[in-house]
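Comments concern the structure below.
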Amino acid sequence: LFTRTIRFQCGCSPTRMLTMLRTIYAGRPLDLFQGDAGVETFCPRCGGRWWIEEKDFLES
Numbered sequence: 001l002f003t004r005t006i007r008f009q010c011g012c013s014p015t016r017m018l019t020m021l022r023t024i025y026a027g028r029p030l031d032l033f034q035g036d037a038g039v040e041t042f043c044p045r046c047g048g049r050w051w052i053e054e055k056d057f058l059e060s
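What follows is the structure, encoded as structure tokens:
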């Protein structure tokens with residue numbers, strides 16, 4: 001028998017979260033931000049938390 005090291009690496013990032021939010025809320029930033037400057041998102045896989053600002057969402 002041998003020993004094998006297994007490491008979990010999610011790959012989430014602020015850029016990936018921003019891309020996902022732009023896809024879901026395309027053309028509807030008011031539904032997402034509701035007057036706030038940003039929103040906190042979290043990755044359901046690893047639990048990582050990311051703060052996404054409205055100004056970044058609106059940039060092309």
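This note's numbering numbers the first residue of the sequence shown as 1 and each following residue consecutively.
Every residue gets a Cβ at the ideal spot worked out from N, C-alpha and C, and that includes glycine.
- Between Cys-43 and the set Met-20, Ala-26, Ile-6 and Phe-2, the nearest pair of CA atoms involves Met-20.
- In summary, Cys-46 is exposed, with fewer than 16 beta-carbon neighbours lying within 10 Å of its beta-carbon over all protein chains present.
- In this structure, the straight-line span from the alpha carbon of Gly-11 to that of Leu-1 is close to 31 Å.
- Under a 10 Å Cβ-count criterion, Ile-6 is classified as exposed, with fewer than 16 other Cβ atoms of the shown protein chains found around its own Cβ.
- Distance check between Thr-41 and each of Phe-8, Gln-9 and Arg-22 places Arg-22 closest, using alpha-carbon atoms only.
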